[in-house]
Amino acid sequence: MIKKKTPAFTLIEVLVATTIIAVLTAIGVVSYTSASRNSRDAKRLADVEQIRAALEMYRSDVGNYPASISFGGTLSDGGNTYMSPIPVDPRPSAGGEYDYSGADDDYTLTIYSEKNSANRCFGSLGEKNCP
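So for the sequence shown, the working numbering puts the first residue at 3; every next one is plus one.
Dropping the structure here:
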């Protein structure tokens, strides 16, 4: 009696297919991680622009910048509300939260950039060197 061969995969074919799937999965995870990091950094920059606009409106009405602000809270002068809620870092565990310090005629708003793994500082005249 002659045995009929049943179609099957060889060990080499299974290993090659598994390797290809593993490589494609690794590429996908790296791309997803990079895209997520870039989108959080873009959100941080958008938050900075919104906060800066609210701070400028506050200064034009009150005459100076607030000494401090509470992220997640409200920016108001008692009568007018300029921003509510003030945005918080989309991923505070990544390296830090937003930080603000103000004086009469200037302020420093600090955010953490995941892409550069560094802090970026902004003030009334735009981006500036972090202290």
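All C-beta atoms in this analysis are idealised placements derived from N, C-alpha and C, irrespective of residue type, glycine included.
If you draw a straight line from the C-alpha of residue i to the C-alpha of residue j, how long is it?
| i | j | result |
| --- | --- | --- |
| Asp108 | Ser72 | 17 Å |
| Glu116 | Thr8 | 54 Å |
| Val25 | Arg42 | 26 Å |
| Ile53 | Arg93 | 18 Å |
| Leu127 | Glu51 | 12 Å |
| Gly104 | Tyr67 | 6 Å |
| Arg39 | Met59 | 31 Å |
| Leu13 | Ala19 | 10 Å |
First and last residue of the beta strand (DSSP E) that includes residue i?
| i | result |
| --- | --- |
| Glu129 | Gly128 to Lys130 |
| Asp101 | Asp101 to Gly104 |
| Ser115 | Tyr109 to Ser115 |
| Ala120 | Ala120 to Gly125 |
| Thr83 | Thr83 to Met85 |
Does the beta-carbon of residue i have 16 or more other beta-carbons within 10 angstroms, so that it is buried, or is it exposed?
| i | result |
| --- | --- |
| Asp63 | exposed |
| Ile22 | exposed |
Could you say which of the options lies nearest to residue i if we only look at CA atoms?
| i | options | result |
| --- | --- | --- |
| Arg46 | Val31, Asn121 and Tyr60 | Asn121 |
| Cys132 | Asn40, Leu111 and Ala10 | Leu111 |
| Ala69 | Thr83, Ser95 and Asp101 | Asp101 |
For the alpha helix (DSSP H) containing residue i, list its first residue and its last residue.
| i | result |
| --- | --- |
| Ala19 | Leu13 to Val64 |
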